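The opening position of the sequence shown corresponds to residue 326 in this note's numbering, with each subsequent residue numbered one higher.
Backbone N, C-alpha and C define an ideal beta-carbon position, used for all residues, glycine too.
Source: prediction; values computed, not measured.
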Amino acid sequence: GYKVIGTEAAMLVYLTNRLYNPKDEGRIRHDEPGIGYDWELQYK
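In structure tokens, the structure reads:
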């Protein structure tokens, strides 16, 4: 996932260099303790 941090709007451009391959799919929960990302952060 993505989160914009700041006071202004942002534009996200997502580019890929390969077609989607389900075998390469991997997921990590947004609240995984090992990541330690503060999703509540509003400004930086």
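Whose C-alpha, out of Trp364, Thr332, Tyr327 and Asn346, is nearest the C-alpha of Tyr339?
-> Tyr327
Once you ignore the five residues that flank Leu366 on each side, which residues in its own chain have a CB closer than 7 Å to its CB?
-> Ile330
By how many angstroms is the C-alpha of Leu337 removed from the C-alpha of Ile360?
-> The straight-line gap separating the alpha-carbon atoms of Ile360 and Leu337 is approximately 22 Å.
Straight-line CA distance for Asp363 to Arg354?
-> 13 Å
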